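Report on the following structure.
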Amino acid sequence: MLIPGAWQGAWSWWPVAKRLRAQGHRAVPLTLPGLHHGDDPAGHRLRDAVDYIVSEVHRLGCDNVCLIAHSWGGYPATGAAHLLADAVRKVIYFNAHVPVGGAGLADENPPHIRELMLRLIDESPDGAIAPMPGYVEQKLMQGVSSPLQRLVAELQTPHPGRYFLDAPDVGEAELGVVSAYVAGDSDRALPRPAAEYAGRLGVRPTVVPGTHNCILTHPDEAAAAILAT
Numbered sequence: 001m002l003i004p005g006a007w008q009g010a011w012s013w014w015p016v017a018k019r020l021r022a023q024g025h026r027a028v029p030l031t032l033p034g035l036h037h038g039d040d041p042a043g044h045r046l047r048d049a050v051d052y053i054v055s056e057v058h059r060l061g062c063d064n065v066c067l068i069a070h071s072w073g074g075y076p077a078t079g080a081a082h083l084l085a086d087a088v089r090k091v092i093y094f095n096a097h098v099p100v101g102g103a104g105l106a107d108e109n110p111p112h113i114r115e116l117m118l119r120l121i122d123e124s125p126d127g128a129i130a131p132m133p134g135y136v137e138q139k140l141m142q143g144v145s146s147p148l149q150r151l152v153a154e155l156q157t158p159h160p161g162r163y164f165l166d167a168p169d170v171g172e173a174e175l176g177v178v179s180a181y182v183a184g185d186s187d188r189a190l191p192r193p194a195a196e197y198a199g200r201l202g203v204r205p206t207v208v209p210g211t212h213n214c215i216l217t218h219p220d221e222a223a224a225a226i227l228a229t
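Residues in the sequence shown are numbered from 1 upward in steps of one, following UniProt numbering.
Shown next as structure tokens:
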């Protein structure tokens with residue numbers, strides 16, 4: 001089950017999902033509550049995203065599940081893995097945040113970034129942070145062709161603010177689930193080094209080429225790394 005990062009939906013995982021299916025795997029990309037085009041992002045909490053993942057696993061009758069989370073998706077994936085217990089065999093964090101219990105994503109950032117996030121959420125009429133084309137160009141997909149950067153920025157949707165602020169009930173260290181970490185070699189978006197996040201899992205990162213959104217630009221390598229973990 002493929003869980004997208006902030007501002008993104010199932011579409012961000014489609015190229016990788018296609019390659020996983022070609023290898024005989026059932027790959028299900030999700031769009032989490034509030035992130036469909038036309039959704040109202042107001043009022044959504046991190047627990048809503050967690051519960052949605054859990055409900056989809058149950059609805060599809062899945063067991064022996066591998067949760068693969070991109071970026072912010074590490075937060076709801078960790079919460080869902082805790083609730084799903086024996087149904088989850090592995091969690092793969094792909095250029096993803098690895099939560100610490102009691103700390104939300106905003107808390108993991110330097111103080112000036114955290115304050116900026118709080119201000120953007122507070123000033124938004126729906127309590128969301130809108131997509132930022134400049135962020136795509138400079139942090140998510142730096143050095144990628146301008147047309148592709150613009151396309152991704154157009155596909156993104158406002159991200160519910162509480163998704164950034166809410167702290168998970170548990171951190172990865174408390175799950176007792178097999179985990180792996182995959183990192184793009186040119187990722188500029190994460191506030192901490194990939195080795196630090198991987199260290200929270202007690203593993204070393206598998207490195208693939210590309211930026212934070214290399215799941216779109218390097219799907220062959222991304223899929224191969226997922227299958228190899």
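Even glycine gets a Cβ: it sits at the ideal position worked out from N, Cα and C. Note that the structure is a prediction, hence the values are computed from the model and not measured.
(message) Can you check which of these residues, Pro76, Leu227, Phe164 and Arg21, is closest to Val170 by C-alpha distance?
(response) Walking along the sequence shown from the start, residue 170 turns up at place 170. Closest option to Val170, Cα to Cα, is Pro76.
(message) Taking the straight line between their C-alpha atoms, what separation do you get for Val98 and Ala49?
(response) Within the sequence shown, residue 98 is the residue found at index 98, counting from 1. Within the sequence shown, residue 49 is the residue found at index 49, counting from 1. C-alpha separation (whole angstroms): 16 Å.
(request) Assuming Ile226 and Ile68 form a contact by the criterion Cβ under 8 Å, report the distance between their Cβ atoms to the nearest whole angstrom. (result) Residue mapping note: residue 226 aligns to position 226 of the sequence shown, counting from 1. Residue mapping note: residue 68 aligns to position 68 of the sequence shown, counting from 1. Rounded, the Cβ-Cβ distance is 6 Å, consistent with contact.
(request) Look up Ser179 in the DSSP assignment and give the residues it is bridged to. (result) By 1-based counting over the sequence shown, the position of residue 179 is 179. BP columns for Ser179 point to Val91.
(request) Starting from Cys66, follow its DSSP beta bridges and name the residues at the other end. (result) Working through the sequence shown from its first residue, we reach residue 66 at position 66. Answer is Lys90.
(message) Just to confirm the assignment, what range does the beta strand (DSSP E) spanning Thr31 have?
(response) Here residue 31 is taken as the residue at index 31 of the sequence shown, counted from 1. Looking at the DSSP string, Thr31 is not in any beta strand (DSSP E), and its letter there is neither H nor E.
(message) Taking a contact to mean a Cβ-Cβ separation below 8 Å, would you say Trp13 touches Pro29 in this structure?
(response) By one-based count along the sequence shown, residue 13 stands at place 13. By one-based count along the sequence shown, residue 29 stands at place 29. Yes, they are a contact pair.
(request) Pick helix, strand or coil for His25, following the three-state DSSP scheme. (result) As a first step, residue 25 must be located in the sequence shown, where it is residue number 25. Coil, per DSSP.
(request) Starting from Gly184, follow its DSSP beta bridges and name the residues at the other end. (result) What you label residue 184 is simply residue 184 of the sequence shown in a count that begins at 1. Answer is Val208, bridged to Gly184.
(request) On a CA-only basis, which of Val100, Gly104, Gly74 and Gly102 is nearest Lys90? Give me that one, please. (result) Position 90 of the sequence shown, counted from the start, is the residue given in the question as residue 90. Of Val100, Gly104, Gly74 and Gly102, the residue nearest in Cα terms is Gly74.
(message) Considering only their Cβ atoms, is the gap separating Ala167 from Gly79 smaller than 8 Å?
(response) Locating residue 79 in the sequence shown gives position 79, where the first residue counts as 1. Locating residue 167 in the sequence shown gives position 167, where the first residue counts as 1. Cβ distance not < 8 Å, so Gly79 and Ala167 don't count as in contact.
(request) Below 6 Å CB to CB, which residues in the same chain sit around Ser163 once its five sequence neighbours on both sides are set aside? (result) Residue numbering aside, residue 163 sits at position 163 when the sequence shown is read from its first letter. At residue 163 the sequence reads Tyr, which differs from the Ser that was named. Excluding residues within five positions, the ones whose Cβ falls inside 6 Å are Leu46.
(message) Judging by CA-CA distance, which residue of Gly210, Asp187 and Glu123 is the nearest neighbour of Pro160?
(response) By 1-based counting over the sequence shown, the position of residue 160 is 160. Answer by Cα proximity: Glu123.
(message) Going by C-alpha to C-alpha distance, which of Trp7, Leu2 and Met1 sits closest to Glu154?
(response) Along the sequence shown, one-based indexing puts residue 154 at 154. Checking every option, the nearest Cα to that of Glu154 belongs to Trp7.
(message) Three or more C-beta pairs under 8 Å: does that hold for the stretch 206-213 against the stretch 180-194?
(response) yes
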